[in-house]
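Trainee:
In the working numbering, the protein residues as written are -13 to 193.
(1) Contact check, residue 156 vs residue -4 under 8 Å by CB: the rounded distance?
(2) In chain order, what residues of the same chain have a beta carbon less than 8 Å from the beta carbon of residue 106, not counting five sequence neighbours either side?
(3) Buried or exposed, going by whether 16 or more other CB atoms sit within 10 Å of the CB of residue 135?
(4) Return yes when the Cβ of residue 56 is within less than 8 Å of the Cβ of residue 29, no when it is not.
(5) Please report how far the alpha carbon of residue 176 lies from the alpha carbon of residue 97, in whole angstroms.
(6) Roughly how many whole angstroms lie between the Cα atoms of residue 163 and residue 40?
(7) Compare the C-alpha of residue 132 against each of 161, 77, 8 and name the closest.
(8) Please specify which runs of the beta strand (DSSP E), each continuous and at least 3 residues long, are wholly inside the region 45 to 129, giving them in chain order.
(9) Could you tell me the alpha carbon to alpha carbon distance between residue 128 and residue 180, rounded to whole angstroms?
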């Protein structure tokens, strides 16, 4: 049996998040671009993700796989296209193939969030050594957000950028036990980003 853990369509990828998703450490396949649409799936056991990829790409062969990754327990696939109909066809094929519905996924849960104002230079330096996206600048405010399952950090980061375009994505940790988002900028923008993430996650149906 294949367990559907995350079924995550993300429409209209925002410029910063699309660039992050296409960075060398993440995009093991085709890079995504702003304005495209993404479908991210996580399943267990891990190797069942290859059946998911087969179902999706045979139903929508023009979809581009960006990430195909197997963790110790879970497998994940990211596909993207400029055509919403292709994304929806791939999604239908996946769900029908494993006998699941979108609401069979895990419901996201928020573990922690905070906005740290006037970030110190020492704090910025040590965070910059491990970040995957833009540089943190001392003096800005920093939004930190932790949630589970980890992949929900993707749709959260994309939505945060949509509503707060002046905020900077510094890191999105989308693989592991929990997902984490680091964004910086004016406090007012980060408040909008935080509130948008919370509202979005509260609307996601799941078990």
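For glycine and all other residues, C-beta sits at the position ideal for the given N, C-alpha and C.
Mentor: Considering the structure as presented:
(1) At roughly 19 Å, the Cβ-Cβ gap does not stay under 8 Å, so residue 156 and residue -4 are not in contact.
(2) 124
(3) buried
(4) no
(5) 18 Å
(6) Answer to the nearest angstrom: the Cα atoms are 26 Å apart.
(7) 161
(8) 50 to 56, 61 to 67, 95 to 102
(9) 11 Å
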